[in-house]
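Report on the following structure.
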Amino acid sequence: MSEQPSYPRSSLLVLAFNSVQALLPTTLIDKAEAYLDVHRIDDAVALADEQRKKLQAQLTVDSGEADALRYVHLRIGFKCLLETRFEDAGYHLFEGGLDPRLLISYYPDLRGSLLSEEDDVELFEGVADNVVPFDSVDDIIRNYSPFLAPNTRSAPPTAELRRILTTAAYEMLESFLRKWRRVRGDGSVHETRVIVDTVLAKIFALNEKTTDLYALLGEQPDLILPELESVFISSGQYNALCSMYQARGLDEKLLNAWARIAEGEWTDPEIPDPLSNMLTLLTVRRNRALTQQWGVWLAAKDPERALKLLTSQGANRGRKASVDADLATLAQIRAANPRAAVQFLEHLVLQKRSSDPNLHTELAQSCISQVLDALSDEPTAKLWRAKAASYASHAQSNTPFLAYFASTTPDSPTKRARLRAALFLQSSSFYDALAIRERLLPHAQALPLEMSIVEGKLGMDHEALTRLAHTLRDSSSAEAYCTAGRRSLPPKIARMLAERESLAAWTLGTADAVPADYGRDAPKLLRMLLDVYIESGKEDAAAALMNSQAATFDVSDVLSRVPDAWPLPSVATFFSRALRRSLHEKHEALIVKGIAMGQNLAIADETHLILREQGYLVEEAIDDDDGDNEKALPPPPDTEEVLDEKAGIDIPRSNGYGQGTMAAASWDSAATPPDSGDHDFR
Numbered sequence: 070m071s072e073q074p075s076y077p078r079s080s081l082l083v084l085a086f087n088s089v090q091a092l093l094p095t096t097l098i099d100k101a102e103a104y105l106d107v108h109r110i111d112d113a114v115a116l117a118d119e120q121r122k123k124l125q126a127q128l129t130v131d132s133g134e135a136d137a138l139r140y141v142h143l144r145i146g147f148k149c150l151l152e153t154r155f156e157d158a159g160y161h162l163f164e165g166g167l168d169p170r171l172l173i174s175y176y177p178d179l180r181g182s183l184l185s186e187e188d189d190v191e192l193f194e195g196v197a198d199n200v201v202p203f204d205s206v207d208d209i210i211r212n213y214s215p216f217l218a219p220n221t222r223s224a225p226p227t228a229e230l231r232r233i234l235t236t237a238a239y240e241m242l243e244s245f246l247r248k249w250r251r252v253r254g255d256g257s258v259h260e261t262r263v264i265v266d267t268v269l270a271k272i273f274a275l276n277e278k279t280t281d282l283y284a285l286l287g288e289q290p291d292l293i294l295p296e297l298e299s300v301f302i303s304s305g306q307y308n309a310l311c312s313m314y315q316a317r318g319l320d321e322k323l324l325n326a327w328a329r330i331a332e333g334e335w336t337d338p339e340i341p342d343p344l345s346n347m348l349t350l351l352t353v354r355r356n357r358a359l360t361q362q363w364g365v366w367l368a369a370k371d372p373e374r375a376l377k378l379l380t381s382q383g384a385n386r387g388r389k390a391s392v393d394a395d396l397a398t399l400a401q402i403r404a405a406n407p408r409a410a411v412q413f414l415e416h417l418v419l420q421k422r423s424s425d426p427n428l429h430t431e432l433a434q435s436c437i438s439q440v441l442d443a444l445s446d447e448p449t450a451k452l453w454r455a456k457a458a459s460y461a462s463h464a465q466s467n468t469p470f471l472a473y474f475a476s477t478t479p480d481s482p483t484k485r486a487r488l489r490a491a492l493f494l495q496s497s498s499f500y501d502a503l504a505i506r507e508r509l510l511p512h513a514q515a516l517p518l519e520m521s522i523v524e525g526k527l528g529m530d531h532e533a534l535t536r537l538a539h540t541l542r543d544s545s546s547a548e549a550y551c552t553a554g555r556r557s558l559p560p561k562i563a564r565m566l567a568e569r570e571s572l573a574a575w576t577l578g579t580a581d582a583v584p585a586d587y588g589r590d591a592p593k594l595l596r597m598l599l600d601v602y603i604e605s606g607k608e609d610a611a612a613a614l615m616n617s618q619a620a621t622f623d624v625s626d627v628l629s630r631v632p633d634a635w636p637l638p639s640v641a642t643f644f645s646r647a648l649r650r651s652l653h654e655k656h657e658a659l660i661v662k663g664i665a666m667g668q669n670l671a672i673a674d675e676t677h678l679i680l681r682e683q684g685y686l687v688e689e690a691i692d693d694d695d696g697d698n699e700k701a702l703p704p705p706p707d708t709e710e711v712l713d714e715k716a717g718i719d720i721p722r723s724n725g726y727g728q729g730t731m732a733a734a735s736w737d738s739a740a741t742p743p744d745s746g747d748h749d750f751r
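Here the working numbering is used: the first residue of the sequence shown is 70, the next is one more, and so on.
Structure follows, in structure tokens:
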């Protein structure tokens, strides 16, 4: 069946001389236009409903009739919109298939930059001529509001009316867009769908419809972010804003938003721990620039986790660039949190093992500052003085002072600060020892061990030994200083303390390292230490040193150094041991000599047969002109006689030949030895 025409048909024609006239029924559009012209909107609505029901009852709907119905709905919708009947306007505009962008254009605060003058919207010609001639719903409401003094905007009755109408207008838009999205959204142009969803997101945010907003964010990944940022911020939808940043990979904006929440500038109960969010993101991204920027900021908020983040980034640049970057980061952290800066400095030197002198000097200064701060506390200073006095009262203790201090002092931050300082000052070779000594010098009496360590670095051996042996009375450390390469802390003690106190990092891995000059200057330093003991009149300490290092000291040198007034028993042990040692050395030399002679004889016996088989090389004298007989070659000019090496060799005879006598023989290697028989002379 062919489709019926959409224009009206007439069954009555009137024929005239110059025309043909037809009697046509009134069309739907004409009726609706007539009602609207006389402001009979309800009659037009009833007409549209009647036509809608008629079309719904048909199996097939004529497209022309459907278009006519849409036309009528649009005309009614715009008429209702003009008269602020917003709910009715929304219904009829939707039924008329209005492009949602045209309706959005009446809401400037929502449309933002979503629409432009170049955008085209399809609209019936008759409808386009009768659209609302205002730019916004606010203008429509203001035009509709009655005039009351002093003016329509500020008069209380009209102000309340404006508020009610404005609310109704925005509710109509929300309802229209929701319905359009549900019914027509899937088959629409993508750009239009994005605009509708973006406007809906603004409405949800402004009306605090958080559930609907999050559902929309999850369904539509292409929302126009620049349009939503200001709305989300003004409405306090910070979590939604962060979700959009995170979905789009805008890490810098996301971190900035979380930072503002952490600082209290923004408040959102749905983001309870923004610092953890920041740390997690930076850890996952491993972006060096972002990590350095925000790691420094986080150091002021959460130093422990911020430093863990900063120190987890491996170096992937040149050495100089890495050092410069570390110094810059350290300066930034110091400005944000001085205590965190100290921890980061410790990481650079102790964990990253930077050899930069500036960093080592700065860490050494930090260690000294902590020790001096502890000394400024009177109870701590009193405790340390008591420990030093107690240690000095133990005559000739074999325990180094630092080991005694660590084992007898209660665990506390001040104790660990002093242990760290001593271990680092001993282990590091890069800090400015002179600057550290100048800072320690006013406190030399309270910190003799630390002073001796630094003076050892400067080669001030006499001063260092004097502090150890005289001030501190630590003979064990003083002796270790001489024998262990100017180390005031014996290596074994340093290693033991580092392990027991969990301070291994502070030794820089050098507790077991052997210095290049290890033991080279030991004799000189031991003599210097002996002089220190002698000058201070410490007979027992000097005697103990001579006894423990007897192999190093020269007896004659010691005799010249020991004062005549010292009693003999104090040095008797040293001299008796020296004499015994010299006898041992002499007897050992005799034993070695005898072994060597025996080995030489064995070698000569083993090579005898070989030499005999090779035979002699006989040199004959050249005949002179007179035909004289052969003459033996004269002996060398520097010798008086020629010694026969084989003459005088004592050969014991197992068969009794020559028994009890010494047989001297000079055999020709080619001749048969006398009475050889079956005897083996080897």
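Glycine included, every Cβ here is placed at the ideal spot set by N, Cα and C.
Nonlocal neighbours in the same chain, by C-beta distance under 8 Å from residue i, ignoring five residues either side
{"i": "Ala91", "result": "Ser79, Leu81, Leu82 and Val83"}
{"i": "Lys370", "result": "Ala331 and Leu344"}
{"i": "Ala237", "result": "Thr153, Phe155 and Glu156"}
{"i": "Val89", "result": "Leu82 and Val83"}
{"i": "Trp635", "result": "Glu608"}
{"i": "Asn87", "result": "none"}
Residue i and residue j closer than 8 Å at C-beta
{"i": "Ala331", "j": "Gln306", "result": "no"}
{"i": "Ala612", "j": "Ile603", "result": "no"}
{"i": "Ala358", "j": "Ala368", "result": "no"}
{"i": "Tyr104", "j": "Glu152", "result": "no"}
{"i": "Gly146", "j": "Ala137", "result": "no"}
{"i": "Ile168", "j": "Glu187", "result": "Here residue 168 is Asp; the residue named in the question, Ile, does not match the sequence. No, these two residues do not count as a Cβ contact at 8 Å."}
{"i": "Val353", "j": "Ala405", "result": "no"}
{"i": "Met615", "j": "Asp530", "result": "no"}
{"i": "Arg489", "j": "Leu577", "result": "no"}
{"i": "Ile209", "j": "Tyr140", "result": "no"}
{"i": "Arg506", "j": "Gly525", "result": "no"}
{"i": "Leu269", "j": "Arg250", "result": "yes"}
Straight-line Cα distance separating residue j from residue i
{"i": "Gln514", "j": "Pro479", "result": "22 Å"}
{"i": "Glu373", "j": "Glu608", "result": "54 Å"}
{"i": "Glu699", "j": "Gly684", "result": "Residue confidence for Glu699 is low, a pLDDT of 47 falling below 50, so the modelled location carries little weight; the figure read from the coordinates is stated next. Rounded to the nearest angstrom, the two C-alpha atoms are 21 Å apart."}
{"i": "Ala410", "j": "Ile264", "result": "49 Å"}
{"i": "Gly824", "j": "Gln127", "result": "There is no way to answer for residue 824, as the model of the chain reaches only from 70 to 751."}
{"i": "Tyr314", "j": "Ala197", "result": "40 Å"}
{"i": "Lys148", "j": "Val201", "result": "8 Å"}
{"i": "Asp719", "j": "Glu657", "result": "Residue confidence for Asp719 is low, a pLDDT of 44 falling below 50, so the modelled location carries little weight; the figure read from the coordinates is stated next. The alpha-carbon atoms of Asp719 and Glu657 are separated by roughly 26 Å."}
{"i": "Met754", "j": "Lys593", "result": "The requested residue 754 does not occur in the structure, where the chain is confined to residues 70 to 751."}
{"i": "Ala491", "j": "Leu518", "result": "8 Å"}
{"i": "Ala502", "j": "Val661", "result": "50 Å"}
{"i": "Asp207", "j": "Ile233", "result": "12 Å"}
{"i": "Ala135", "j": "Asp204", "result": "30 Å"}
{"i": "Ala701", "j": "Gly667", "result": "In this prediction, Ala701 scores a pLDDT of 48, lower than 50, which makes its location untrustworthy; no coordinate-derived value is stated."}
{"i": "Leu509", "j": "Arg317", "result": "57 Å"}
{"i": "Ala549", "j": "Ala475", "result": "18 Å"}
{"i": "Ala85", "j": "Arg262", "result": "56 Å"}
{"i": "Phe644", "j": "Phe493", "result": "40 Å"}
{"i": "Leu534", "j": "Thr349", "result": "54 Å"}
{"i": "Val130", "j": "Glu164", "result": "16 Å"}
{"i": "Lys484", "j": "Thr477", "result": "10 Å"}
Chain-order list of residues whose beta-carbon lies under 6 Å from that of residue i (same chain, five-residue window excluded)
{"i": "Tyr460", "result": "Phe470 and Tyr473"}
{"i": "Asn308", "result": "Asp337, Glu339 and Ile340"}
{"i": "Pro426", "result": "Phe499"}
{"i": "Thr730", "result": "Summary for Thr730: the model assigns pLDDT 38, below 50, so the residue's position carries little reliability; its value from the coordinates is reported in the next sentence. Cβ within range, chain order: n/a, list empty."}
{"i": "Thr540", "result": "Pro517"}
{"i": "Ile522", "result": "Leu494, Gln495 and Ser557"}
Delimiting residues of the alpha helix (DSSP H) encompassing residue i
{"i": "Ala574", "result": "Segment: none, Ala574 is in no alpha helix (DSSP H) and carries neither H nor E."}
{"i": "Asn325", "result": "Asp320 to Ala331"}
Start and end residues, beta strand (DSSP E) containing residue i
{"i": "Val201", "result": "Unbroken run through Val201: none, as it is neither H nor E."}
{"i": "Ala91", "result": "Val89 to Ala91"}
{"i": "Leu84", "result": "Leu82 to Leu84"}
7 Å Cβ shell around residue i - same chain, five flanking residues per side excluded
{"i": "Thr621", "result": "Ala591, Pro592 and Leu595"}
{"i": "Val418", "result": "Leu428, His429 and Leu432"}
{"i": "Ser312", "result": "Leu286"}
beta-carbon residue i near the ligand GTP non-hydrogen atom, thresh 7 Å
{"i": "Pro448", "result": "With respect to the ligand GTP, the structure offers nothing, as it holds no ligand at all."}
*Ordered list of alpha helix (DSSP H) runs contained in the stretch 519-549, each at least 4 residues*: 530-535
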